[in-house]
Amino acid sequence: MTVADWTTGEPQLVVLSCGGCGNVWYFQRPFCPRCGRLDPDEVASAGRGRVVATTVVHRAPSDEWRPLVPYTLVLVDLDEGVRVMAHAASGTAIGDTVGATFEERAGRLVPVFTPA
Ligand SMILES: [Zn+2]
């Protein structure tokens, strides 16, 4: 399955939803991880949520990310009920209410959360 979201260059977070049991999840897979039903619904996320963890990356994972350090990564509980990892504005803190924007970093479009 291919979802039109930031991983395919679209400025959007997408949540998958099961029409059978109502489960929602983030990582793309063509079946419900709870009940196994096929063909989940794609739901465009509003991109709003609350920060539950933060870290600052000082050692880049590859040469293309090295010019960007230090940068902030966060875990965000989206209002749609899933947890996502993404970039964030410097200084973003646990408990902050945030919204997703999208920026090109290291040659790819990535979600970047900023305080709402
Ligand atoms: Zn299900």
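To convert, note that position 113 of the sequence shown is 998 in this note's numbering; the numbers rise steadily by one, no gaps.
Glycine included, every Cβ here is placed at the ideal spot set by N, Cα and C.
Where residue i sits in the DSSP three-state scheme
i, result
"residue 994", "strand"
"residue 940", "strand"
"residue 977", "coil"
Residue i versus residue j: straight-line alpha-carbon distance, rounded
i, j, result
"residue 934", "residue 976", "16 Å"
"residue 938", "residue 980", "8 Å"
"residue 897", "residue 997", "11 Å"
"residue 963", "residue 950", "26 Å"
Selection from the options that minimises the alpha carbon distance to residue i
i, options, result
"residue 895", "995, 954, 990, 984", "995"
"residue 982", "911, 960, 993", "960"
"residue 901", "928, 954, 943, 941", "928"
"residue 941", "987, 978, 898", "978"
"residue 925", "932, 931, 912", "912"
8 Å Cβ cutoff met for residue i and residue j
i, j, result
"residue 1000", "residue 971", "no"
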